[in-house]
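Chemist:
Chains as they are written, first to last, in this note's numbering: chain F, 2 to 412; chain V, 7 to 305; chain H, 86 to 299.
(1) Could you tell me whether the Cβ of residue 266 of chain H comes closer than 8 Å to any Cβ of chain V?
(2) Measure the Cβ-Cβ separation of residue 257 of chain V and residue 251 of chain H and say whether it is below 8 Å.
(3) Report the rounded CA-to-CA distance for residue 128 of chain V versus residue 223 of chain F, giving the unit in angstroms.
(4) Among F:207, F:322, F:212, F:268, whose alpha-carbon lies nearest the alpha-carbon of residue 279 of chain F?
(5) Roughly how many whole angstroms lie between the Cα atoms of residue 240 of chain V and residue 51 of chain V?
(6) Suppose the cutoff is 6 Å on Cβ atoms and the five residues either side in sequence are ignored; what does the same chain contact list for residue 255 of chain F look like?
(7) Is the beta carbon of residue 61 of chain F less than 8 Å from the beta carbon of residue 254 of chain H?
(8) Which of the three DSSP states is assigned to residue 152 of chain V in this structure?
(9) In chain V, which residues lie with their C-beta within 9 Å of the C-beta of residue 67 of chain F?
(10) Give the DSSP-derived three-state secondary structure of residue 275 of chain H in the structure shown.
(11) Would you check if there are 3 or more beta carbon pairs closer than 8 Å linking the stretch 139 to 151 of chain F to the stretch 193 to 204 of chain F?
(12) Excluding sequence positions up to five away, which residues of its chain have a Cβ less than 6 Å from the Cβ of residue 337 of chain F?
(13) Can you name the start and end residues of the alpha helix (DSSP H) that residue 249 of chain H belongs to?
(14) Helix, strand or coil for residue 284 of chain H? Go by DSSP, reduced to three states.
(15) Just checking: is the beta-carbon of residue 148 of chain V within a distance shorter than 8 Å of some beta-carbon in chain C?
(16) Please list the residues of the stretch 257 to 272 of chain V that have a C-beta atom closer than 8 Å to any C-beta atom in chain H, keeping them in chain order.
(17) Using the three-state DSSP reduction, which class does residue 300 of chain V fall into: helix, strand or coil?
(18) Mind pulling the chain V residues with CB within less than 7 Å of residue 52 of chain F?
(19) Would you say residue 59 of chain V faces chain F, with C-beta separation under 8 Å as the test?
(20) Report yes if the C-beta distance between residue 273 of chain H and residue 220 of chain H is below 8 Å; otherwise report no.
(21) Determine the closest residue to residue 115 of chain F out of F:133, F:90, F:75, F:309, with distance taken between C-alpha atoms.
(22) In this structure, does DSSP put residue 91 of chain V in helix, strand or coil?
(23) Out of curiosity, what's the CA-to-CA distance linking residue 275 of chain V and residue 229 of chain H?
(24) When Cβ atoms are compared, which residues of the stretch 147 to 173 of chain V fall closer than 7 Å to chain F?
(25) Residue 227 of chain V to residue 242 of chain V, Cα distance in whole Å?
(26) According to DSSP, what are the bridge partners of residue 128 of chain H?
(27) At a CB distance below 9 Å, what residues from the stretch 191 to 204 of chain V approach chain F? Give them in sequence order.
(28) Rounded to whole angstroms, what is the Cα-Cα separation between residue 157 of chain F and residue 181 of chain F?
(29) Determine the chain H residues that contact residue 212 of chain V at a beta-carbon separation under 8 Å, and present them in chain order.
(30) Could you confirm whether any beta carbon from chain V is found closer than 8 Å to the beta carbon of residue 351 of chain F?
(31) With DSSP run on the structure shown, which of helix, strand or coil describes residue 275 of chain F?
(32) In three-state DSSP terms, what is residue 209 of chain V?
(33) State buried or exposed for residue 19 of chain F, treating a residue as buried only when at least 16 other CB atoms are found within 10 Å of its CB.
(34) Can you tell which of F:195, F:359, F:96 has the C-alpha that lies nearest to the C-alpha of residue 231 of chain F?
(35) Quick one: Cα of residue 115 of chain V to Cα of residue 231 of chain V, how far?
(36) Does the stretch 138 to 149 of chain V come into contact with the stretch 162 to 173 of chain V, if we say contact requires no fewer than three beta-carbon pairs (one atom in each stretch) closer than 8 Å?
Have a look at this one:
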């Protein structure tokens, strides 16, 4: 590879990529218009929140984190879970997965972007975001777990951008990617994926004043649920890719992911069970938050319907996934994936972040309900993530099918 | 569809998108924030020279005049060497009148609309220290039969979890043991609020609302100046008073004298007498936070 | 005078204070004594109208009169209060169920088994009387209370009982201490229940139901 050439071809790659990304049939435009509209509504709500203060959210000094941090946690899990495809593809050299692994990488990029956006929306002073950057800010590393998270998430984003960018660009050039330039990074990203979610779990489990989070099982539980959401989302995405693009997705790939999913969904349920047993059998004030979450306490039960919905979804999804045959029951598998995705979203979001604050450290029972502003911003961020993911997959499919190549002229 | 028409449609879509974005951001554009460029680029408190800090204090005084229409003095009061503050509270004689919480509210220029205060008083059931049996919105008359009262504020831990977790070092422990916040450096992530086991930290969910006549004009940078929107705040043991030798506002307001304040390093101080002669305890000792705030009973 | 008071206080204390702690420089000098040069004074607040009786005359005017107005140096004998003098009404036990009129000195005498002469000099009604017969001005009422309430007096001296204002650091400024009778009515010293001020007004309390009271 010589550099002068890249100076010419790389801008052309970007230009052509923009062309592909903005080109499609009517359903594509409808989908993108929808996502853009939702994103704009979210941006508007965020602008409003920045002006008027976090008073427009449902958060209080008792429940000081809510929907944003819940979604942040979930999105980090999704990004970590995306690696579930990478592990068999690269570590076990699973041929079937090799070609679709790019979908996982794109998911990682989109989910990390979503996670970072949720952190920024949760800041009272987004104008001071630069304080949080290493070197130019004042970085409380290694003491603060949040600084670890900044490194972990930023590093993961860069890693995955590099891997996807490199693979797509070389394919665009019509060359075989040079292993030296991506395999070490893929290996690193596997370790890194586990680390982002471990660090995110440590963010909570390190707080002695919050008994609900202060448990050693939190990080393993996070990893287990990440390995549910990541593959579940990818199955859904691959089904969509099959349907809407020319990219080839074999049953073998789906079967491998399903195998991961079956183990993960059980492991996740097992860890929830371990947690619930320890809490309730021991009792005492330690159980107060879990009691509120699962059964309500002191006449307050705002989270009870949520958590039982989550448990129901996860249990039914586990049953379907264990019983279904990928050749015959693809629709059922898709349904189960959607169910468990939603189940973990509730369990890890409203079911994990919010009860950490209820009762408060002075045992006040203050409940939390997100406001419309919070829902708007949340929807906006996910829609923005959807745009990144859609475009990423569209671009990958165009390149992998050979539609987009340097030696082929743009239509 | 031919290529040129397609390009034209794309351009139309793109301009619609940009217009939409501009419209979505309109609230930010309309906003004339109090945030000046100087404030945006202001350095961390500890990185400021004396001269830079002096300029900032004058700027903050000007801003207070512009925003709240009142002349205030904002000082930078530093800790005294050889002084480490300690606080003790006699639960036998606290009657739960909440005058300390009110004094804190007035002294520290808290938002008027929320009755914000760094002190929360718990009505507790006799025979138990279980806060789960307590309540904060009790009504009078107090003391009610079968109850005792426990005011809780920042415990000024020797091992403060809030300081460890802050990602930007916006909060730290000073040499006299007071944990402070640089309101102009805090990013408002509220991690410290999640980490604090004593509900000692407060977030400025909105810009504090105060009338000109309600403002306490004797202010300091690290304590009771009116906080900006979107940052954390906390009890500083009224450092703008106590670092000058005065008693904290909550102690002066206490009608029964349940509160004892002083220098832990002075063996002849009242606080040391309490620690050595009363049976004191600290809240949530098992967490290892090592508070400088003690509770005791007479009998 | 002060030393005597302290000795009496010690005699009444069930838990004796070690001598070095009781009289060392550690004790804030309550009467601004020996080392007042390096430290500012601690003054004990004298409540308005101490040693006087406040009452409302039939014409509505409020008067404060010293006890000696009626009780002369001839040692006017103690006698049951004249119902025509409302300021005395509360000083003698009332029959159960009878409420004293407003403006009375106190609801009733609720101070153990004490009688007037336990604390008031029979000879000079403008002075107080210690248990050993010596007399005190009203301003030194703390010493009088300390005769019986040793532990409270000890805690008071050490700053852990009774309100105060001013400086914790006496090298930098003075302090004012409340007198016992600022908070405890001498004739009914039990601390009266009060209405709490300043209820929490968090957003969640406005909209939702109040927190559970158990």
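For each residue, glycine too, the CB sits at the ideal point set by N, CA and C.
Modeler: In this structure, then:
(1) The count along the third chain starts at 1 and reaches residue 266 of chain H at position 181. Taking Cβ atoms only, chain V never reaches closer than 8 Å to residue 266 of chain H, which makes this a no.
(2) By 1-based counting over the second chain, the position of residue 257 of chain V is 251. By 1-based counting over the third chain, the position of residue 251 of chain H is 166. Contact flag unset, no.
(3) Translated into positions along the second chain, residue 128 of chain V becomes position 122. Translated into positions along the first chain, residue 223 of chain F becomes position 222. If you take the alpha carbons of residue 128 of chain V and residue 223 of chain F, they lie about 36 Å apart.
(4) Against the first chain, residue 279 of chain F aligns to sequence position 278. The shortest C-alpha separation from residue 279 of chain F is found at F:212.
(5) One-based indexing of the second chain puts residue 240 of chain V at position 234. One-based indexing of the second chain puts residue 51 of chain V at position 45. Looking at the two C-alpha atoms, the distance is approximately 17 Å.
(6) For this step, residue 255 of chain F is matched to residue 254 along the first chain. 327, listed in sequence order.
(7) Looking up residue 61 of chain F in the first chain gives position 60. Looking up residue 254 of chain H in the third chain gives position 169. Going by C-beta atoms, residue 61 of chain F is not nearer than 8 Å to residue 254 of chain H.
(8) For the purposes of this step, residue 152 of chain V is identified with residue 146 of the second chain, where counting begins at 1. Here residue 152 of chain V sits in coil by DSSP.
(9) If you number the first chain from 1, residue 67 of chain F lands on position 66. The contacting residues do not exist; residue 67 of chain F stays about 10 Å from chain V at best.
(10) By 1-based counting over the third chain, the position of residue 275 of chain H is 190. It is coil, neither helix nor strand.
(11) yes
(12) Taking the first residue of the first chain as position 1, residue 337 of chain F is located at position 336. Taken in chain order, the residues that qualify are 318, 321, 322.
(13) Position 164 of the third chain, counting from 1, holds the residue named residue 249 of chain H. Premise fails: residue 249 of chain H lies in the beta strand (DSSP E), 249 to 251, not in any alpha helix (DSSP H).
(14) Working through the third chain from its first residue, we reach residue 284 of chain H at position 199. The answer is coil: DSSP assigns residue 284 of chain H none of H, G, I, E or B.
(15) This model lacks chain C altogether, as its protein chains are F, V and H.
(16) 257, 258, 260, 261, 262, 263, 266, 267, 268, 269
(17) The residue labelled residue 300 of chain V in the question sits at position 294 within the second chain. Strand at residue 300 of chain V.
(18) In the first chain, counting from the first residue as 1, residue 52 of chain F sits at position 51. The answer, in chain order, is 33, 34, 37.
(19) Here the question's residue 59 of chain V lines up with position 53 in the second chain. Taking Cβ atoms only, chain F never reaches closer than 8 Å to residue 59 of chain V, which makes this a no.
(20) Locating residue 273 of chain H in the third chain gives position 188, where the first residue counts as 1. Locating residue 220 of chain H in the third chain gives position 135, where the first residue counts as 1. No. Outside cutoff.
(21) Against the first chain, residue 115 of chain F aligns to sequence position 114. Considering only alpha carbons, the answer is F:75.
(22) On the second chain, residue 91 of chain V is found 85 positions in, with the first residue counted as 1. Strand, per DSSP.
(23) For the purposes of this step, residue 275 of chain V is taken as residue 269 along the second chain, with counting starting at 1. For the purposes of this step, residue 229 of chain H is taken as residue 144 along the third chain, with counting starting at 1. Taking the straight line from one Cα to the other gives about 26 Å.
(24) 158, 167, 170, 171, 172, 173
(25) Counting from one through the second chain, the residue named residue 227 of chain V turns up at place 221. Counting from one through the second chain, the residue named residue 242 of chain V turns up at place 236. Their Cα atoms are separated by approximately 11 Å.
(26) Indexing the third chain from 1 puts residue 128 of chain H at position 43. According to DSSP, which records beta bridges pairwise, residue 128 of chain H is partnered with H:261.
(27) 191, 192, 193, 194, 195, 196, 197, 199, 200, 201, 202, 203, 204
(28) Along the first chain, one-based indexing puts residue 157 of chain F at 156. Along the first chain, one-based indexing puts residue 181 of chain F at 180. When rounded, the distance between both Cα atoms is 19 Å.
(29) In the second chain, counting from the first residue as 1, residue 212 of chain V sits at position 206. None at all; the shortest Cβ gap to chain H is about 10 Å.
(30) Counting from 1 along the first chain, the entry for residue 351 of chain F is found at position 350. No, its Cβ sits nowhere closer than 8 Å to a Cβ of chain V.
(31) Here residue 275 of chain F is taken as the residue at index 274 of the first chain, counted from 1. Helix.
(32) By one-based count along the second chain, residue 209 of chain V stands at place 203. Note: residue 209 of chain V maps to strand in three-state DSSP.
(33) Taking the first residue of the first chain as 1, we reach residue 19 of chain F at position 18. With fewer than 16 Cβ atoms within 10 Å of its Cβ, residue 19 of chain F is classed as exposed.
(34) By one-based count along the first chain, residue 231 of chain F stands at place 230. The candidate whose alpha carbon is nearest that of residue 231 of chain F is F:195.
(35) Position 109 of the second chain, counted from the first residue, corresponds to residue 115 of chain V. Position 225 of the second chain, counted from the first residue, corresponds to residue 231 of chain V. Rounded to the nearest angstrom, the two C-alpha atoms are 7 Å apart.
(36) no
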